[in-house]
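In the numbering used here, the protein residues as written are 161 to 486.
Structural data, given as structure tokens:
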């Protein structure tokens, strides 16, 4: 049993990772502003939350609370998933967005340095790459392909914060010996996603179950993206937490699905499970190139389990169970 701290454990990615850690027998602590408030996330954690050590606080502006949590619960490893992830808010509050991202990573890495902790895994993003919505082509994104200051890269506060966090993590790994790893995630979806991030697969699935029509109006319906079901993310994070350092030849890994699919593909699969679903496609979001996950397969032992079809089926079943038991 390993003592692991999850920052942002009340959110989508954090909650599924907490579930997976508790279910395999780890001693799990969560540092977050509050316990889960989203009813769907509460439901996801219904069987495991009572076994979690919850610490109320922020990893950003309260370094003493982070240090105390690590000492009190004898933390050995950290999964750092704390983030705002509200794009509209972050665009109007760039200072706070960048402050939270950079200060949080700095605090996590400094705690690891001071307390001589083990593995630190960071929930990175495909937004760290520069060739996502520009110069789109079919070649998979490579973990080493990021040109940090290419003029065409995504420079939203969220993506910029992830890049800054990666620079901090790499600095602490190379100069301070902190055992840091970046798991770059691609378009994560699943039951419990925030409303701000539901405008796609999650919304289409849950509206179909509810008998509510869905209209997608951004972009074109045939634009493709690489999506990752949240349960795949959780098992990828566990692989990154567990792998011995001597097996790693790099510190950045793509964790995600390998299919490039469109909203048209998603709608077609949903209608196979729910024939009377009403989904109107006037658009289809933005392009997100597929990940090359060869390094994650070879060094972490990661393998994507959920195809788009399998993820949609599981999400439908979970959402129906949530509705029937809530």
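Even glycine gets a Cβ: it sits at the ideal position worked out from N, Cα and C.
Residue i burial status per 10 Å Cβ neighbour count (16 or more: buried)
i, result
"residue 336", "exposed"
"residue 334", "exposed"
"residue 484", "exposed"
"residue 404", "exposed"
"residue 486", "exposed"
"residue 248", "exposed"
"residue 184", "exposed"
"residue 371", "exposed"
"residue 317", "buried"
"residue 480", "exposed"
"residue 458", "exposed"
"residue 407", "exposed"
"residue 420", "buried"
Proximity below 9 Å, CB of residue i to CB of residue j
i, j, result
"residue 411", "residue 329", "yes"
"residue 393", "residue 238", "no"
"residue 264", "residue 167", "yes"
"residue 417", "residue 462", "no"
"residue 208", "residue 215", "no"
"residue 345", "residue 283", "yes"
"residue 277", "residue 220", "no"
"residue 482", "residue 199", "yes"
"residue 332", "residue 338", "yes"
"residue 476", "residue 369", "yes"
Residue i in three-state terms, based on DSSP
i, result
"residue 236", "coil"
"residue 206", "coil"
"residue 422", "strand"
"residue 284", "strand"
"residue 451", "strand"
"residue 481", "helix"
"residue 472", "helix"
"residue 170", "coil"
Distance between beta carbons of residue j and residue i, contact taken as under 8 Å
i, j, result
"residue 163", "residue 187", "4 Å"
"residue 244", "residue 227", "Actually they do not touch by this definition, with Cβ atoms about 23 Å apart."
"residue 425", "residue 376", "Incorrect: roughly 12 Å between the Cβ atoms, too far for contact."
"residue 433", "residue 391", "No, residue 433 and residue 391 are not in contact; Cβ-Cβ is about 18 Å, not under 8 Å."
Report task. With a floor of 3 residues, list each beta strand (DSSP E) that falls wholly inside the region 309-345, ordered by position along the chain. Result -> 340-345
Query raised in the report: Of all the alpha helix (DSSP H) runs that stay within the bounds of the region 390-414, which reach a length of 4 or more residues?
Result: 390-402
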